[in-house]
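S.K.: Protein chains in written order, with full-length UniProt numbering: chain Y, 1 to 143; chain F, 1 to 143.
Protein chains: 2
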Amino acid sequence: MTDTPPTLTALTAYLLSRIGKTARGQVAARLGERDLRFWHMSMLAALADFGPHSQRELGTRLGIDPSDVVKALDELTAAGWAERTRDPADRRKVRVVVTPEGRAALAGMVRDTEVLQDGLLAPLNPRERARLHDLLLKVFERP
Amino acid sequence: MTDTPPTLTALTAYLLSRIGKTARGQVAARLGERDLRFWHMSMLAALADFGPHSQRELGTRLGIDPSDVVKALDELTAAGWAERTRDPADRRKVRVVVTPEGRAALAGMVRDTEVLQDGLLAPLNPRERARLHDLLLKVFERP
DNA sequence: ACCAATGATTGGTGACAACCTACAATATTT
DNA sequence: AAATATTGTAGGTTGTCACCAATCATTGGT
């Protein structure tokens with residue numbers, strides 16, 4: 001009775017949308033326990049992986065509106081996870097860097113996500129999980 | 001510069017969430033051109049695949065609040081795609097059936113989604129697409 | 001020196017999903 | 001018959017998300 005219509009499950013796009021939503025939901029719930037949102041992690045990851053950004057760079061990289069970047073960074077700096085300093089070369093720009101505390105927080109979020117992901121992918125064995133990740137990556141990096 | 005942080009792309013949960021979102025977005029955009037929403041398709045599919053439902057059954061099957069089912073059905077019946085008749089055995093219940101026009105509309109939406117899905121999965125060859133669908137299905141039907 | 005463009009910021013907006021309460025009609029239980 | 005539960009319905013709330021316009025400081029070009 002709780003079954004999903006086959007007409008829908010026959011569509012890969014539907015499965016992606018549906019599973020993506022539960023994944024998103026679980027991550028959001030997990031992060032929410034510590035009053036975090038999805039883009040807290042995204043921003044910290046961007047800063048940790050690619051080094052300092054201007055806010056505009058951050059926005060374009062993550063596909064977020066510049067005005068929303070401001071609000072997000074307000075919280076990150078308030079938590080002591082990122083710091084804003086004026087770029088001396090171009091004083092309009094803000095140079096955003098991640099702090100060691102920010103890196104630690106990011107590591108925690110990643111671990112949480114991995115635990116959760118283990119549950120989500122429970123029906124798959126390690127080889128299948130790797131295969132799934134590989135295929136998703138290909139789709140994601142649409143060349 | 002538009003690259004996504006590897007810390008994130010290393011997480012299958014992130015890829016699922018992200019790709020799912022774009023899939024959802026594209027389907028929503030496509031349907032939106034005809035003033036349709038996601039659950040128009042879900043409901044029609046449920047009715048077409050499993051036969052008549054009471055509204056509560058529809059709601060629990062699709063994970064939608066009963067009050068929202070009402071609003072959704074208002075639109076479906078207004079479009080002539082579904083019909084409400086009182087269940088003679090239990091006059092509290094409403095028996096919801098899909099009309100032939102509803103089935104035709106559903107078929108159209110499915111075709112649209114398939115076209116769109118072709119674009120989304122462009123980086124994969126047919127064999128890979130089948131494999132992806134298979135893996136997603138396993139995850140979806142978590143036993 | 002002036003003007004146009006850029007970056008950050010503020011303060012909104014509209015759309016939407018999820019949820020919740022109250023209620024009327026009907027069924028079921030006591 | 002009376003109390004209780006279920007079903008559909010109407011209406012509203014909340015949070016989030018994406019987006020937009022206006023503003024201010026700063027820069028680069030002319």
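Note that the Cβ used here is the ideal one computed from N, Cα and C, for glycine as well.
1) Per DSSP, what are the beta-bridge partners of residue 85(Y) in this structure?
2) Compare the C-beta of residue 54(Y) against all C-beta atoms of chain F and say whether one is closer than 8 Å.
3) Since residue 132(F) meets chain Y, which of its residues come closer than 7 Å, beta carbon to beta carbon?
4) Considering only C-alpha positions, which residue in the set 131(F), 26(F), 57(F) is nearest to residue 169(Y)?
5) With distances taken between CB atoms, is the gap from residue 117(Y) to residue 12(F) smaller than 8 Å?
6) Is any beta-carbon of chain Y found at less than 8 Å from that of residue 123(F)?
7) Measure from the C-beta of residue 100(F) to each C-beta in chain Y and report whether the shortest distance is under 8 Å.
8) Closest Cβ-Cβ distance between residue 64(F) and chain Y: below 8 Å?
9) Tell me which residue opens and which closes the alpha helix (DSSP H) that residue 4(Y) is part of.
10) My parser needs the beta strand (DSSP E) runs of 3 or more residues fully inside the UniProt domain "HTH marR-type" (9 to 141) of chain Y; what are they?
11) Given a cut-off of 8 Å, decide if residue 67(Y) and residue 93(Y) are closer than it, judged by their beta-carbon atoms.
12) So is residue 98(F) buried or exposed if we call it buried at 16+ other beta carbons inside 10 Å?
13) Alpha carbon to alpha carbon, what distance is there between residue 137(Y) and residue 9(F)?
14) Which residue from 39(F), 115(F), 15(F) puts its Cα closest to that of residue 71(F)?
15) Using the beta-carbon count (16 or more within 10 Å), is residue 115(F) buried or exposed?
16) With a CB to CB cut of under 7 Å and the five nearest residues on each side skipped, what residues in its chain are close to residue 69(Y)?
17) Is the beta carbon of residue 106(F) less than 8 Å from the beta carbon of residue 45(F)?
18) Given a cut-off of 8 Å on the beta-carbon distance, is the pair residue 51(F) and residue 81(F) in contact?
19) Can you name the residues of chain Y whose CB is closer than 7 Å to the CB of residue 6(F)?
20) Given a threshold of 16 other Cβ atoms within 10 Å of its Cβ, counted over all protein chains shown, does residue 4(Y) qualify as buried or as exposed?
21) Tell me which residues share the same chain as residue 112(Y) and place their Cβ nearer than 6 Å to its Cβ, disregarding the 5 neighbours each side in the sequence.
22) Who are the near neighbours of residue 87(F) in its chain, counting only those whose CB is closer than 8 Å to its CB and skipping five residues on each side?
23) State yes or no: is the beta carbon of residue 45(F) nearer than 8 Å to at least one beta carbon in chain Y?
24) For residue 71(F), which residues in chain Y fall below 7 Å Cβ to Cβ?
25) Any beta carbon of chain Y sitting closer than 8 Å to that of residue 128(F)?
26) Work out the CA separation of residue 91(Y) and residue 144(Y) for me, nearest whole Å.
27) If I'm right that residue 139(F) touches residue 124(Y) with Cβ under 8 Å, what's the distance once you round it to whole angstroms?
28) Residue 32(F): buried (16+ other C-beta within 10 angstroms of its C-beta) or exposed?
M.R.: Judging by the given coordinates:
1) 95(Y)
2) no
3) 12, 135
4) A query on residue 169(Y) cannot be resolved here, the shown segment of chain Y reaching from 1 to 143 and no further.
5) yes
6) yes
7) no
8) no
9) Premise fails: residue 4(Y) is in no alpha helix (DSSP H) and is neither H nor E.
10) 82 to 86, 94 to 98
11) no
12) buried
13) 7 Å
14) 39(F)
15) exposed
16) 55, 58, 59
17) yes
18) no
19) 49
20) buried
21) 30
22) 54, 93, 94, 95
23) yes
24) Under the 7 Å cutoff, chain Y gives no residues; its nearest Cβ is about 20 Å from residue 71(F).
25) yes
26) Residue 144(Y) lies beyond the residue range present for chain Y, which begins at 1 and ends at 143; the question has no answer from this structure.
27) 7 Å
28) exposed
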